[in-house]
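This report refers to the structure that appears directly beneath it.
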Amino acid sequence: MSFDFPITRRQTLGALAAATAWTAQAASPWQDTERAARGQTVYFNAWAGSERINAYLQWAAAELQRDFGIQLQHVKISDAADVVKRVRAEKQAGRQGREGTVDLVWINGENFAAMKRDGLLSEPFARNLPNFQWVDTEGKPTTLVDFSVPTDGLESPWGMAQLTFFADGQRLPKPPQNMAELLALARAQPGRITYPRPPNFHGTTFIKQALIEYAPDVKALAQPVTPAALEAQAAPLWRFLDALHPHLWRGGKQFPQNSAAVRQMMADGELLMALTFNPNEAANEIAAKRLPVTVQSWQFAKGTVANTHFVAIPYNAPSKAAAQVVANFLLSPAAQARKADIDVWGDPTVLDVARLPVAERARFSLAPRAGQLAKSAPALPEPHASWVDALEKEWVRRYGV
Amino acid sequence: MKVFGPWLLALIAGLPMVWALWAAASQALDVQAWQALWADPQTLRAWGLGVWTGLASTVLVWLTVARLLANGFIRRQLARYLVHVPALLATPHVAMAIGLVLWLSPSGWVLRLVSPGWTGFDAPPPWLTTQDPWGLGLILALWLKEVPFLVWVAATQMQREDLRRRWQAEHALAQTLGRTPRQAFAQVIWPQLAPRLQWPLLAVLAYGLTVVDMALIIGPATPPTLAVLAWQWLGDADAALQAQGVAAAGLLTLSVALLAAGAVVVLQAGVVLRKVASRGLSLHMTQAPGVVGWGERSRLQANVMGGVIVMAYLAVWWALGVGSVLGVWPFPQVWPTLWTRDAWVQVLGSASTVWTTLGLAVASASVCLLWSVAWFEVASGRWQRALRPVWLLPLVLPSVLWVVGLYGLALQWHLEGQWPGLLLAHALMVLPYVLLALEPAYRAVDPRQAAVVHSLGHGRWTYWWRIKWPLLRRAITSAWAVGFAVSVAQYLPTLYVGAGRYATVTTEAVTHASGGQRSLMSAYAALQMLLPMLAFVGAGWLGRPRQFEKIAPMKDTP
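If you're matching them up, the sequences are chains D and A in order. Numbering follows this note's numbering, with no gaps: position 188 of the first sequence is 188. Numbering follows this note's numbering, with no gaps: position 93 of the second sequence is 494.
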């Protein structure tokens, strides 16, 4: 896939300035960090529901062992909230710095907001990473602002995500391009569309997409939620859902647990379309022989919700130096290009590919694949993290009982 | 040793158990969390669903087990049950739920077999066959899983040499008084057996009310049962919601306690009725509660129910086997259009997961077995009676509550994320099952044997090594296998106390269920089933009776 973002003169200068500043101030501290990291073990807590992600991390572990003498241990978890909970419990039990069980965690959104608010993260580190200079902070502003919460260098960007739909082109030749068209489709083919039950995050994202499309004042969504704002901005959303639900799978009385269940039902023919946060998921699944080659991906024409996922270091990480080296390695063009490769994982890069040296840029040019997104739509920023909880509570009150 | 031993053993097992309970209880006493729980719009319906599925499945299990046991006892097939039931026991709950969904869902095998030919469906119909809002699918899954458990516990009781002979004699006596074999069982044997099944029955009730993993896969979703909600809240990043989850776990515990008290009252009422009856009232009034209609027709019912259960297990194993190689499988085709070996390739590549699982299971089953044997040998009857309810607590308290306590314990003892902590957590969950499995055999030991051995001038160790333990070999090996199976199936304690660092086949199966990869999930579920089955086969081989060809009059025929 390619990421052709026009480089402005200002950006280039800014990047150069940043790079020079880094060389002047931080070169020797970074060498110190690498030296300290040698021989350390990094327990990386990362969601492990996909064997491709696990395989990618195994590759990263081998590279890190060879080049930096770091042992990367993938701690397989099913939900990042488990890690937040664990670190918080460790803090409550009085664990000091370096007495924790987590060195690095894959995180974003309300989990990051919770860790930042409760002081569960280590000191800022992301901007000190040498490879941070290649991050596309202008073209992809969500690399610095996570669900409207500033990252403040407490987490380092890892990959991009954008709400994407996929369906079998033979059964759905003309995919809907916004929520209104989706409603029309549901009316025409009742019982063939659904979304995961919030608080599952794909389900919540579907709700947020509708919220953004229907909110009278989108700017209000970037502010922390208030009862008044919720009432004013979400009223059209609830009207839309009231109209949509009777035509959903099982009459909108039942919802699947997660997006994987939706994908499975789509593959079996029970549903018309599925949703994902990874624009390359359909291509992935086709390559893994779990979806037929006739499946196509698309995003709504006027844009869909997008965000960035990060890695962060808890306050009590035993191997902080090595965790930083791992975060830096994950940002390297080689690691990012491999991650973006559909045969490996297919997770879009956070780097500004156009700004990379020619040799590094070549890593990112790959032939298009079946099921891959043909044309990417604008990225709509996530509402402020506090909206998640408010929307979920209200959804459960209205539809979840 | 006689004085010191019981204290030491009680301390070894009791201290962590009480500590974990205290850690859980102290977190559950949060007034704000209870208020939030009360105010949550889902709580009441979710609680009602949990109670309904728990009670309905328990009553069904009870009725079924009564009929199966009557059949088995009258036709002298209990020994056969003991041979075959472990294969059903070894099928983990998660695997059962996954297999059932593969059959029953609108896009499952059942409808594919008759579509589009008979039904005309070319896409799955919008039927509520799995995750139905009434919890019927969950009740079915619980019924299938708990009947073998209770039959197995009961059969171990009824195969005790002393009880078996006495009960067969009493049964014969009742028939000479003109009862049919079924009436004789209902009026003489069942009232003696039922009270012995109290604890296992409570475990069935508690499990049905508080199960998380099965309910996630096949239970109602909008709202889910309270146990699932508690689990979701416990896993939330928000501290207030977590506290609400702990409160929900507390509410589940209270519910189990109240229902258990109710069940005990009902069972005791049966005993009282029988006593009244024996003072001259007609024996026809003495049917045990819940066991109505013991007519000859019930023999047919028992055969049908037994058949249904066995067929369901065969179907589930089949579905898991095929499911693990499923690629693209569009409805209504019976066979997939794409097959894949990827899942098994990956499972075979994760050998360390299997070794962790095996190591934990072997270690915790062995530790619990050693402790249990020591406990039965050194603790007096009074000690055993007094502390029995404490050891059985992990059976009847919700796993969501235990995991809060065990994790608190691990944090306070600096054991989180470490092998000893994980072993301790597993051992505490395994212990009650090993005790239950071992107890009937220990109770059946004839104390006169010891006297004879001592009178021949031999010490205690000679008696244990040469007489008692060899006689108990079958019970000891099968108790170990049960402990092994329980350890393999642990999900929540492994995840929390292990700080996620130790992957077992069960954590992998559930993690992959969250990623929805049907083939990989089925493959791990199959593996999760295979390991305990091997343990049971091994136990069966080790525990085979010694062959004394010259003295073999202990045939079943009276």
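Beta carbons are placed, not taken as given, at the ideal position from N, Cα and C, and that holds for glycine.
What residues from chain D crowd round residue i, counting only those whose CB sits closer than 7 angstroms?
i, result
"K652/A", "A quick correction: the sequence has Leu, not Lys, at residue 652/A. The contacting residues do not exist; L652/A stays about 17 angstroms from chain D at best."
"G728/A", "K289, R290"
Residues in the same chain with beta-carbon distance under 6 angstroms from residue i, minus the five sequence neighbours each way, listed in chain order, please.
i, result
"N200/D", "N258"
"A826/A", "L807, P894, V898"
"M706/A", "T465"
"Q336/D", "T349, L351"
"V149/D", "A113, A385"
Excluding the 5 residues preceding and the 5 following residue i in the sequence, name in chain order all residues of the same chain whose CB lies nearer than 8 angstroms to its CB.
i, result
"R187/D", "H247"
"Q645/A", "A434, A437, L438, D441, W634"
"P795/A", "M418, W803, L829, M830, L832, P833"
"A220/D", "A229, A232, Q233"
"R250/D", "G191, T194"
Any idea which residues DSSP pairs residue i with across the strands?
i, result
"L414/D", "It is not possible to answer for residue 414/D, since the shown part of chain D is limited to 1 through 401."
"N45/D", "V75/D, V105/D"
"E155/D", "A312/D"
"Q785/A", "None; Q785/A has no bridge partner."
"A274/D", "F166/D"
"L248/D", "Partner(s): none; L248/D has no beta bridge."
"D146/D", "V149/D"
"A161/D", "N307/D"
"W740/A", "L727/A"
"W298/D", "F165/D"
"L121/D", "P314/D"
Just how far apart, CA to CA, sit residue i and residue j?
i, j, result
"Q170/D", "M266/D", "13 angstroms"
"L183/D", "A467/A", "53 angstroms"
"T520/A", "M273/D", "24 angstroms"
"V486/A", "L715/A", "13 angstroms"
"T308/D", "E155/D", "11 angstroms"
"F937/A", "R874/A", "14 angstroms"
"L935/A", "Q31/D", "53 angstroms"
"A622/A", "L652/A", "20 angstroms"
"L479/A", "A447/A", "39 angstroms"
"E285/D", "V552/A", "44 angstroms"
"V693/A", "G860/A", "Note that V693/A scores 45 on pLDDT, short of 50, meaning its location in the model is unreliable; the coordinates nonetheless yield the value given after this. Spanning the two alpha carbons is a distance of roughly 52 angstroms."
"P592/A", "V729/A", "54 angstroms"
"I77/D", "L721/A", "24 angstroms"
"A15/D", "N45/D", "The predicted model places A15/D with a pLDDT of 46, which falls under 50 and marks its position as unreliable, so this point remains unresolved."
"S920/A", "T137/D", "39 angstroms"
"A689/A", "A587/A", "Its pLDDT being 47, under 50, A689/A is placed unreliably in this model, and the coordinates cannot settle the point."
"L610/A", "V75/D", "31 angstroms"
"W865/A", "I877/A", "13 angstroms"
"T557/A", "A842/A", "8 angstroms"
Grab me the residues of residue i's own chain with a C-beta within less than 7 angstroms of its C-beta, minus the 5 sequence neighbours each way, in chain order.
i, result
"E392/D", "P198, P199, T204"
"G967/A", "Residue numbering for chain A in the displayed model covers 402 to 959; residue 967/A lies beyond these limits and cannot be assessed."
"N111/D", "A80, A81, V84"
"A370/D", "A283, I286, V293"
"Q65/D", "Q71"
Quick check on residue i: buried or exposed, where buried means 16 or more other Cβ atoms within 10 Å of its Cβ?
i, result
"V239/D", "Residue identity check: residue 239/D is Arg in the sequence provided, not Val. Classification for R239/D: exposed."
"W632/A", "buried"
"M712/A", "exposed"
"D563/A", "exposed"
"W535/A", "exposed"
"A24/D", "In this predicted model, A24/D has a pLDDT of only 46, less than 50, meaning its place in the structure is not dependable; the value taken from the coordinates is given anyway. The residue in question, A24/D, is exposed, as its Cβ has fewer than 16 Cβ neighbours within 10 Å."
"D79/D", "buried"
"L483/A", "buried"
"E213/D", "buried"
"N316/D", "buried"
"D242/D", "exposed"
"T577/A", "exposed"
Which residues in chain D sit within 8 angstroms of residue i, going by Cβ to Cβ distance?
i, result
"W745/A", "Within chain D, no residue comes near W745/A; the closest Cβ sits about 12 angstroms away, beyond 8 angstroms."
Using a cut-off of 8 angstroms between C-beta atoms, extract the partners of residue i located in chain A.
i, result
"W249/D", "P527"
"F68/D", "Within 8 angstroms Cβ-Cβ: nothing; F68/D doesn't reach chain A, min ~21 angstroms."
Along chain D, in chain order, which residues have C-beta atoms closer than 9 angstroms to that of residue i?
i, result
"P731/A", "D168, A267, D268, G269, P292"
"E778/A", "Near E778/A there are no residues of chain D at all, since even the closest Cβ is about 38 angstroms away, more than 9 angstroms."
I want to verify the contact list: residues of chain A whose CB lies under 9 angstroms from the CB of residue i, in sequence order.
i, result
"R187/D", "Those do not exist, as R187/D stays about 15 angstroms from chain A at its closest Cβ, beyond 9 angstroms."
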